[in-house]
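Here's the structure, in structure tokens; my notes come after.
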Amino acid sequence: MKKLIFILLVVTGAIFAQHDTSIVYLGDIDSTILTDVKYATSDNFTGKVLYPTAKVYTRKIVGEALASVNEYLKSNYGYTLKVFDAFRPLSVQKQMWEIFPDPNYVADPKTGSRHNRGAAVDLTIVDENGNELDMGTPYDDFTEKAHFAYPDLTDEQRKNRDILNEAMSKYGFTVLKSEWWHFDYKDWKNYSIIDFKLTED
Ligand SMILES: [Zn+2]
């Protein structure tokens, strides 16, 4: 009987772990990951301030995977991650869709974005001097050149995109074909769209 209870506890524990609904502040997991949240400023494709805070929030498990990627880049290249966006409230998704209703670049709020689940992240890499690597386009460049496999890049740009992709893939992330900076975490389907309200710092 004791054994059965133990097994039940382990099984239910595993189910709860898979359905983890926690959204955490990324800085609490790895304070060395740099951030530059464009949506907390008007310097983004909407021209509007969309977030009340420049703090990055994400699912705990996603944040932990990012910390592993950051550690990997640091020890192998001396590089650091710089995050532009992670968890995004559904209300902000609606505002973006009104301005740019192209499903190649902005998810329809009817189905929601993986950002709304806290399971996607937009990011780049900076070198040891704090300079962003040349990825061929800036963040949120809605052109074909931003496609991950765009063929007409310099060798340097190709190499930089590949380093980011290789490091992210190693820890469970998959790049979005149309955006070199966007990655989905492997378990994104386990996480529902969450109504976590961002507040001012
Ligand atoms: Zn994204």
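In the numbering used here, the protein residues as written are 1 to 201.
All C-beta atoms, glycine included, are put in the ideal place defined by N, C-alpha and C.
Whole angstroms is fine: what's the gap from residue i's alpha carbon to residue j's?
| i | j | result |
| --- | --- | --- |
| Pro103 | Val69 | 28 Å |
| Asp122 | Pro101 | 19 Å |
| Ile193 | Lys74 | 32 Å |
| Gly63 | Val56 | 10 Å |
| Leu198 | Arg158 | 35 Å |
| Trp97 | Val106 | 6 Å |
| Glu156 | Asn44 | 26 Å |
| Leu8 | Gly118 | With a pLDDT of 46 at Leu8, under the threshold of 50, the predicted position of this residue should be treated as unreliable, though the coordinate-derived value follows. Their Cα atoms are separated by approximately 29 Å. |
| Ala146 | Trp180 | 6 Å |
| Thr80 | Thr111 | 33 Å |
Please state whether DSSP places residue i in a helix, a strand or coil.
| i | result |
| --- | --- |
| Glu179 | strand |
| Asn190 | helix |
| Glu200 | coil |
| Val69 | helix |
| Ala146 | helix |
| Tyr39 | helix |
| Tyr171 | coil |
| Phe6 | Note that Phe6 scores a pLDDT of 46, beneath 50, so its modelled location is shaky and nothing firm can be said. |
| Thr12 | For Thr12, the pLDDT reaches just 42, beneath the cut-off of 50, and the residue's location in the model is therefore unreliable, although a value from the coordinates is still provided. In the structure shown, Thr12 sits in a helix (DSSP, three-state: H, G or I). |
Find the nearest neighbour of residue i within the set the options, judged by alpha-carbon distance.
| i | options | result |
| --- | --- | --- |
| Leu26 | Lys38, Ile61, Tyr139, Ser42 | Ile61 |
| Lys189 | Phe173, Met135, Asn165 | Phe173 |
| Tyr185 | Asp43, Ala65, Asp30, Tyr57 | Ala65 |
| Thr53 | Asp155, Ser113, Arg114, Thr35 | Thr35 |
| Pro109 | Asp134, Asp195, His147 | Asp195 |
| Tyr171 | Asp187, Ala146, Met135 | Asp187 |
| Lys48 | Leu153, Val24, Ile99 | Ile99 |
| Phe84 | Ala120, Leu153, Arg161 | Ala120 |
Report whether the distance from the Cβ of residue i to the nearest heavy atom of ligand 1 is below 8 Å.
| i | result |
| --- | --- |
| His115 | yes |
| Asp85 | yes |
| Leu153 | no |
| Leu176 | yes |
| Val69 | no |
| Glu166 | no |
| Ala146 | no |
| Ala120 | yes |
- Item | the segment 34 to 48 contacting the segment 77 to 96, beta-carbon criterion three pairs below 8 Å | yes
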